[in-house]
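Structure first, then comments.
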């Protein structure tokens with residue numbers, strides 16, 4: 190158990206809908222990362238937050254947004270969902286966000302868009 | 007050209023075999039390299055990281071980096087059925103701001 194929690198574990202929704210994925214980092218970790226893992230694209234970095242501020246951005250679509258709250262938990266919002274958004278979404282956390290190898294991954298949220 | 011290329015496998019070996027997993031990368035400026043293990047329905051977990059050419063050993067695992075060839079490898083000695091998982095290489099890219107992962111190699115160690 191990495192200490193990172195993600196809810197929900199599974200989510201099934203229809204095209205066009207909006208969903209929110211939640212991540213609680215390990216105790217004391219200030220940085221949160223979001224990743225998308227699909228069969229054809231592999232594990233893709235979406236976005237990183239550090240202590241409430243956006244620090245780095247990857248291949249995140251404009252329909253997706255994220256935020257990190259004062260208690261350091263983070264939410265990833267996915268809107269206008271398409272079939273291709275079906276994937277595993279992982280959150281990772283690290284103490285400082287400086288050393289990328291220090292990331293600890295959560296168990297993921299499996300999103301199915303029908 | 008993808009920044010990181012990895013043979014997806016699947017790779018099936020008998021218990022006790024030496025396993026070699028490989029990745030190539032495109033940018034010679036990359037300096038930090040990682041290997042993750044991902045069991046089915048779990049998040050990736052860090053196995054090893056290295057930032058220099060040469061070998062780094064941790065128990066049955068050895069990470070090797072050849073910067074001249076832009077080639078990284080993970081060797082698993084005395085492989086066990088519990089090593090059956092997907093192995094992902096990862097490289098620090100984007101000016102040091104993000105990890106770029108290979109697509110992963112699925113390994114099965116059979117009794």
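Chains as they are written, first to last, in the numbering used here: chain U, 190 to 303; chain S, 7 to 117.
From the three backbone atoms N, C-alpha and C, an ideal C-beta is built for every residue, glycine too.
Looking at residue i: is its Cβ nearer than 8 Å to the Cβ of residue j?
i	j	result
residue 221 of chain U	residue 275 of chain U	no
residue 68 of chain S	residue 81 of chain S	yes
residue 112 of chain S	residue 17 of chain S	yes
residue 295 of chain U	residue 110 of chain S	no
residue 204 of chain U	residue 277 of chain U	no
residue 107 of chain S	residue 19 of chain S	no
residue 206 of chain U	residue 279 of chain U	no
residue 301 of chain U	residue 264 of chain U	no
residue 83 of chain S	residue 66 of chain S	yes
residue 103 of chain S	residue 245 of chain U	yes
residue 286 of chain U	residue 239 of chain U	yes
Is the Cβ of residue i closer than 8 Å to any Cβ of chain U?
i	result
residue 103 of chain S	yes
residue 109 of chain S	yes
residue 63 of chain S	no
residue 87 of chain S	no
residue 45 of chain S	no
residue 16 of chain S	no
Consider the Cβ of residue i: report whether some Cβ of chain S lies at a distance smaller than 8 Å.
i	result
residue 232 of chain U	yes
residue 279 of chain U	yes
residue 191 of chain U	yes
Straight-line CA distance for residue i to residue j?
i	j	result
residue 95 of chain S	residue 260 of chain U	32 Å
residue 85 of chain S	residue 224 of chain U	29 Å
residue 253 of chain U	residue 267 of chain U	5 Å
residue 234 of chain U	residue 24 of chain S	31 Å
residue 64 of chain S	residue 76 of chain S	22 Å
In the region 26–39 of chain S, which residues sit with their C-beta less than 8 Å from some C-beta in chain U, listed in chain order?
Contacts with chain U (Cβ-Cβ distance below 8 Å) from the region 26–39 of chain S involve 38, listed in chain order.
In the region 230–255 of chain U, which residues sit with their C-beta less than 7 Å from some C-beta in chain S, listed in chain order?
Residues of the region 230–255 of chain U with a C-beta less than 7 Å from any C-beta of chain S: 231, 232, 234, 245, 247, listed in chain order.
Any residues in the region 289–300 of chain U with a beta carbon nearer than 9 Å to a beta carbon of chain S? Which ones, in chain order?
Taking 9 Å as the cut-off between beta carbons, the residues of the region 289–300 of chain U near chain S are 289, 290, 291, 292, 293, 294, 295, 296, 297, 299, in sequence order.
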